[in-house]
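As you go down the protein sequences, you meet chains A and B in turn.
FYI, the numbering for the first sequence is 0 to 574, going by numbering that gives the first Met the number 0.
FYI, the numbering for the second sequence is 0 to 87, going by numbering that gives the first Met the number 0.
Using N, Cα and C, we set each Cβ at its ideal position, and we do this for glycine too.
Because the structure is a prediction, the values reported are computed rather than measured.
Read through the structure below, which is laid out as structure tokens, and then see the notes.
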Amino acid sequence: MITLKGIPASPGIAIGPAYIVSSEGANFEKKKIPPTNVEWEVRRYQEALRLTYDDLTKTQSNAKELFGKNFAKLMAAHKLILQDPLLVQGVIDKIRKEQINAEYALFLVGQEVNTTFEKIKDEFFRERKFDIADVAKRLYDHLTNKQQNTFASIKEPSVVIAHNLFPSDTIHLKRKSVLGFATDIGGKTSHTALLAQNMQMPAVVGLSQATTQIKNGDLIIIDGQEGLLIINPTTELIALYTKRKNLIEKEEKSLKTISDLPNETLDGHKVNLYVNYDPRRDFKELDNFKSQGLGLLRTEFLYMDKPVPPTLEEQVAVYKKAALRFDTRPFTIRLADLGGDKIAQFSLAYHEEEANPFMGCRGIRLFLKYPALMKTQIQAIIKTASLVPAKVKIMAPMVSAAEEVIEVKKVFEQTLKEMQAQNICPQNKIDFGIMVEVPSMALTLDSVINKIDFASIGTNDLIQYLIAVDRGNQEVADLYDPYHPAVLRMINHIIQACHKKKVEVSVCGEMASDPELVPFLVGLGIDSLSISTRMFLRIKNTLRNLNFEDCSNLAQAAILMGSSDEIRKLNEKHS
Amino acid sequence: MIQEKIKIKNKLGIHARPATLLAQEAGKFKSEIFIAKDGIEVNAKSIMGIMMIAAEQGAVLNLTINGEDEKEAVKALKNIFDKIFEEE
């Protein structure tokens with residue numbers, strides 16, 4: 000038995016056999032291709048060749064600037080390898096002759112080349128086999144379209160172990176066969192972790208060595224609460240964790256009984272409780288409890304995993320289906336927050352090869368560079384508002400200066416006018432709001448407060464930008480600290496700025512879904528909390544057991560403190 | 000079909016850069032172009048193929064060119080070999 004300590008990413012307990020997703024991605028499974036599909040398989044390979052070529056061209060031009068001529072030359076050599084008849088015609092011939100899948104044909108050719116190269120006397124040429132392997136790997140990645148197929152091949156309910164999972168991978172973890180996951184890298188609030196929480200899947204990240212210490216089929220326990228991973232546990236431990244797992248499930252059941260009770264503290268202070276949602280998920284689960292509205296629709300996911308951006312009609316179909324579940328309640332659609340670690344599959348020049356994507360072209364910055372993309376989404380939102388009784392709201396992400404807010408609002412108002420001229424009229428006034436997640440916008444909120452109807456604090460990004468800590472980097476993940484006094488002071492500042500002009504302010508970041516932190520937010524006077532579906536009833540339960548006056552005292556004391564240790568101690572005393 | 004014998008004259012033989020040059024040049028022609036050394040024949044348009052025969056100084060290569068533009072191809076390839084040999 001070995002116990003590894005990582006970062007708790009999503010609560011819950013999972014017990015099951017390990018399924019390792021190799022970081023090499025090399026899972027060369029042989030598949031027979033029916034004769035009628037062989038040409039399709041060839042085309043699939045040709046498409047992978049093309050994508051890999053584009054890939055190398057991009058790397059090549061960037062490489063020149065960053066690493067100098069020699070590296071660029073190496074990429075040129077890789078391109079030549081990619082165009083080599085052995086890799087092009089050689090693999091295609093194999094697909095046709097043996098009627099096998101492209102991956103396996105590539106694997107076979109790679110093996111043949113490798114054997115021949117091993118025999119080369121010249122050391123320099125012999126070593127080129129690594130370059131060939133590198134090119135083959137790129138090709139393979141394009142062929143498999145990352146790891147979605149890898150997950151599809153999971154046959155029994157398993158615990159997925161991977162070096163790293165991207166948000167696009169996470170969504171492919173099929174709930175029915177994946178019990179939970181653990182990764183070597185990553186932090187608590189990486190988007191991968193957030194997705195796990197939304198999928199109610201126990202997860203531990205930042206384990207450093209999990210993939211090297213675990214073998215396929217090892218029995219694994221994931222403790223998403225404590226951030227533990229246990230390899231081949233003792234029978235006593237399995238029994239203990241099974242008991243705890245059942246207890247958690249029982250608790251979840253009992254939470255359902257408070258679903259219809261009011262969202263207020265013991266002393267009657269009301270806080271709106273909204274829900275955050277990923278539009279790719281099945282909206283049916285929203286019927287499990289009654290929220291006061293949708294506080295955040297993460298529309299960027301409609302733009303990922305697709306070769307082209309969603310059309311107006313496609314968007315309206317999704318928004319409408321979801322909004323109808325909210326009758327006349329608020330329904331907040333955030334303009335797509337693409338960028339950072341959420342990259343669209345279709346090509347966007349501003350996205351490519353950013354050295355620092357979280358500080359690069361993401362959110363509204365990207366949309367302002369692609370006005371057509373933004374316009375389509377705004378049109379889709381207005382159209383939806385004309386079709387549903389819900390109170391549709393529009394929210395701009397990642398704004399950092401007043402000019403951006405003014406610009407987006409201008410486009411919104413102009414689009415609204417155009418559509419009204421075509422008789423497409425919203426059933427309710429569409430509120431316009433912004434995400435407050437960049438410190439510069441938080442500090443100058445007064446400059447735009449008259450132009451917005453509401454504000455929502457994205458605490459994850461706010462903390463990351465405020466403390467200058469990459470939330471996906473496990474080396475510094477412990478510095479990412481919602482208890483940092485700067486965070487609470489900043490949130491206090493934002494709430495004050497909004498309340499001065501009676502603008503509704505909510506928190507839609509991770510802090511709103513953390514029972515330990517909710518007392519501070521309530522105490523600072525937050526109007527609304529937007530919570531992940533999984534944590535909704537738990538947070539409601541927390542709220543209903545709070546005393547507003549106590550929270551207020553707690554928060555006021557905390558913002559005067561100088562360190563997160565002091566604030567943590569204060570919180571322990573309080574609870 | 001044209002056949003030519005070429006003796007490698009330069010010290011380093013067909014090294015990385017020459018191999019690249021050769022494959023690139025051969026790739027410009029429609030003709031089939033093969034290089035043989037010690038009984039191993041490879042496609043001259045394939046950089047991997049050329050690397051596999053790793054021709055050192057003194058080695059003799061058999062060049063076989065077959066196709067509509069074979070005359071132009073043989074001329075161009077001989078030029079490339081001359082260039083390669085001049086370099087060192």
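Cβ shell of K93/A (< 8 Å), same chain only, five flanking positions each side left out: I99, A104, L107, V108
Are Y240/A and I257/A close, meaning C-beta to C-beta below 8 Å? no
What's the call for R297/A, buried or exposed, on a 16-neighbour Cβ count within 10 Å? buried
Residue from G185/A, S446/A, K78/A whose Cα sits closest to the Cα of V398/A: S446/A
I1/A to L164/A span [Cα, whole Å]: 23 Å
Is it buried or exposed for I39/B, if we count other Cβ within 10 angstroms and need 16 for buried? exposed
Comparing the C-beta of T63/B with each C-beta of chain A, is any distance below 8 Å? Cβ-Cβ to chain A under 8 Å: no for T63/B.
So is D460/A in contact with chain B if we call contact Cβ pairs under 8 Å? No, D460/A lies away from the interface with chain B (no Cβ there is under 8 Å from its Cβ).
Quick check on the burial criterion: 16 or more other C-beta atoms within 10 angstroms. Buried or exposed for G294/A? buried
Contacts around K244/A, its chain only, beta-carbon distance under 6 Å, and the 5 residues preceding and following it disregarded: I12
Using a Cβ cut-off of 7 Å, pull out every chain B residue sitting near R127/A, in sequence order please. M50
Since V521/A contacts C497/A with CB under 8 Å, what's their CB separation in whole angstroms? V521/A to C497/A, Cβ: 15 Å. No contact.
Mind checking whether L444/A and A379/A have CB atoms under 8 Å apart? no
So, for K539/A: in the same chain, excluding its five sequence neighbours on each side, which residues have a beta-carbon less than 7 Å away from its beta-carbon? Correct list, in chain order: I257, N262, L272.
Give the straight-line distance between the Cα atoms of L11/B and V475/A, rounded to the nearest whole angstrom. 49 Å
Quick test of your reading: M394/A and S439/A, contact by CB under 8 Å. State the CB separation rounded to the nearest angstrom. Not really, about 18 Å apart at Cβ, beyond 8 Å.
Can you pull the chain A residues whose beta carbon is under 8 Å from the beta carbon of S45/B, in chain order? The answer, in chain order, is D83, P84, L85.
To the nearest angstrom, how far is it from the Cα of L285/A to the Cα of T541/A? In this structure, the CA atom of L285/A is about 20 Å from the CA atom of T541/A.
Alpha carbon to alpha carbon, how far is I79/B from I119/A? Taking the straight line joining both Cα atoms gives about 24 Å.
Can you say whether M0/B is buried or exposed, counting buried as having 16 or more other CB atoms within 10 angstroms of its CB? exposed
Rounding to the nearest angstrom, what Cα-Cα distance links L65/A and K78/A in this structure? Here L65/A scores only 48 on pLDDT, less than 50, and its place in the model should not be relied on; the value that follows carries that caveat. Linking L65/A to K78/A through their CA atoms gives a straight-line distance of about 19 Å.
Min CB distance A75/B to chain A below 8 Å: no
Complete runs of the alpha helix (DSSP H) confined to the region 404 to 454 of chain A [at least 4 residues]: Here the runs fully enclosed are 438 to 442.
Does any C-beta atom of chain B lie closer than 8 Å to the C-beta of D92/A? no
Closer than 7 Å to a non-hydrogen atom of the ligand ADP - does that hold for the CB of L523/A? Of ligands this structure carries none, so the ligand ADP is not represented either.
When we look at the beta-carbon of K568/A and count the other beta-carbons within 10 Å, is it buried (16 or more) or exposed? exposed
Just how far apart, CA to CA, sit A35/B and E69/B? 17 Å
Determine whether the Cβ of A35/B lies closer than 8 Å to any Cβ atom of chain A. no
Taking 8 Å as the limit between beta carbons, can you name the residues of its chain near L478/A, skipping five residues before and five after? I466, V468
Would you identify the three-state DSSP class for G12/B, choosing helix, strand or coil? Residue state, collapsed to three classes: coil.
Hey, M47/B and I131/A: beta-carbon distance below 8 Å or not? yes
Can you name the residues that DSSP bridges to L296/A? L296/A pairs with Y276/A, I332/A.
For A72/B and F33/B, believed in contact at Cβ under 8 Å, the rounded distance: With 8 Å as the limit, F33/B and A72/B do not qualify as a contact, their Cβ atoms being about 12 Å apart.
Counting only Cβ pairs nearer than 9 Å, list the residues of chain A close to N9/B. Near N9/B there are no residues of chain A at all, since even the closest Cβ is about 14 Å away, more than 9 Å.
If you drop the 5 nearest sequence neighbours on each side, which residues of the same chain put their C-beta closer than 7 Å to that of R364/A? M397
Just the C-alpha distance for K500/A and N449/A, rounded to the nearest angstrom, thanks. 8 Å
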